[in-house]
Amino acid sequence: MTVRELVVLGTASQVPTRTRAHHGALLRWDREVVLFDPGEGTQRQLTLAGVSAGSITRICITHLHGDHCLGLPGVLQRMLLDGARQPVDLYYPASGQEYVDRLRRASAVAATPEVREHPVSADGVVDRWPGLTLEARALDHRIDAYGWRLQEPDGRRMLSDRLDALGIAGPAVGELARAGRLEVGGRVVTAEEVSEPRPGQSFAFVMDTRLCSGARELAQGVDLLVTESTFLASEEDLAEKYAHLTAAQAGTLAWEAGVRRLVLTHYSGRHPDESVFEAEARLHHPDVHAARDLDRVPVPPRR
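Numbering-wise, our numbering comes out as the position in the sequence shown, counting from 1, plus 39.
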């Protein structure tokens, strides 16, 4: 059985609070486990969430401010302790290479799994693996930052009533799907005759940014968008000054991009109650989840 869900590890911006750990998020997508922006304390949050660090297959870092990356050394070492034997792929802005180098060698005990580095310096597809594509888009922050999008390719869904009408069952269904055609009762049946288009699912991760074209492109039509929501609309001047989003801007971004479900995170410590962010974003988008530490949010079912 496949699992596609977001595990929220931390929701604080800049500094942790009594109720919010430094930022961190983990996406479980079938056999892939992708960690995003591991802030300080991420390995403890993984423990509280019941997720083995050894299961992580990839790590994506939007930018090299400390609240988005200081947990990397501990996570890499913990992966080995938790039994990781496979290499881990690490994606990050190329301009932050010196900081990545330091983080990877931050202590005397530096045993980690094999790390395959993927420094990113331009928009576009940065990696592909079975059934998924990873794309990056530049964001508008105070240092180089990239948001991430995971995209499943479109496919087709077999329709049982049409298959039954033609007497196609069992292994023949798989053969038809693989080959695209099958001889049945003296005629050739094509896969298009007994199936319908199935849109691929998608996920986007947008942190620390003003509204920009990169954020809009990442969010376009995704099933699940995770975005920062550092400030409220009444603090829009601060959001602009420090290159962040308000909850209202996050909701507007999601609505205009046709996002199905919006998850807010990365809150200013000025506001201990996450519900104020959710209420503001809901003025612009109907499906909003203001994340709390250790929440689990499913990717919406296929359309």
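Just so it is clear, CB atoms sit at the ideal spot from N, CA and C, and this is done for glycine as well. From a predicted model like this one, the values you see are computed outputs, not experimental measurements.
Touch check for the stretch 255-264 and the stretch 289-301: three-plus C-beta pairs under 8 Å? Contact between the stretch 255-264 and the stretch 289-301 is present, because at least three Cβ pairs lie under 8 Å.
Cβ-based burial, residue 312 [other Cβ within 10 Å; buried from 16]: For the purposes of this step, residue 312 is identified with residue 273 of the sequence shown, where counting begins at 1. Exposed, because fewer than 16 other Cβ atoms sit within 10 Å of the Cβ of residue 312.
Outcome for residue 325 when other beta-carbon atoms lying within 10 angstroms are tallied against a minimum of 16: As a working mapping, residue 325 is identified with position 286 in the sequence shown. Under this definition residue 325 is an exposed residue.
Beta-ladder partner(s) of residue 99, from DSSP: Here residue 99 refers to the residue found at position 60 when the sequence shown is read from its first residue. Answer is 75, 130.
Work out the CA separation of residue 55 and residue 46 for me, nearest whole Å. To locate residue 46, count along the sequence shown from 1; it is residue 7. To locate residue 55, count along the sequence shown from 1; it is residue 16. Their backbone Cα atoms lie some 18 Å apart in a straight line.
Tell whether a beta-carbon distance below 8 Å holds between residue 180 and residue 282. Indexing the sequence shown from 1 puts residue 180 at position 141. Indexing the sequence shown from 1 puts residue 282 at position 243. Closer than 8 Å, so yes.
Is it true that the stretch 185-205 meets the stretch 270-287, where meeting means three or more beta-carbon pairs spaced less than 8 Å apart? The stretch 185-205 vs the stretch 270-287: no contact.
Counterpart residues of residue 190 in DSSP-defined beta bridges: Looking up residue 190 in the sequence shown gives position 151. Partner(s): 172, 241.
Could you spell out the range, first to last residue, of the alpha helix (DSSP H) harbouring residue 87? Taking the first residue of the sequence shown as position 1, residue 87 is located at position 48. For residue 87, the enclosing alpha helix (DSSP H) has its first and last residue at 81-88.
N- and C-terminal bounds of the alpha helix (DSSP H) containing residue 112: For this step, residue 112 is matched to residue 73 along the sequence shown. Per DSSP, the unbroken alpha helix (DSSP H) holding residue 112 starts and ends at 111-120.
When we look at the beta-carbon of residue 84 and count the other beta-carbons within 10 Å, is it buried (16 or more) or exposed? What you label residue 84 is simply residue 45 of the sequence shown in a count that begins at 1. Residue burial annotation: residue 84 is buried, with at least 16 other C-beta atoms found within 10 angstroms of its C-beta.
Short check: CB of residue 195 to CB of residue 252, under 8 Å? Position 156 of the sequence shown holds residue 195. Position 213 of the sequence shown holds residue 252. The answer is no: Cβ separation not under 8 Å.
For the putative contact between residue 342 and residue 236, defined by C-beta atoms under 8 Å, what is the C-beta separation to the nearest angstrom? For the purposes of this step, residue 342 is taken as residue 303 along the sequence shown, with counting starting at 1. For the purposes of this step, residue 236 is taken as residue 197 along the sequence shown, with counting starting at 1. Contact between residue 342 and residue 236 does not hold, since the beta-carbon distance rounds to 10 Å and is not under 8 Å.
Going by C-alpha to C-alpha distance, which of 116, 245, 110, 151 sits closest to residue 185? In the sequence shown, the residue the question calls residue 185 occupies position 146. Nearest C-alpha to residue 185: 245.
For the stretch 95-103 against the stretch 125-140, do three or more pairs of beta-carbon atoms, one drawn from each stretch, fall closer than 8 Å, so that the two count as touching? At 8 Å Cβ cutoff, the stretches touch.
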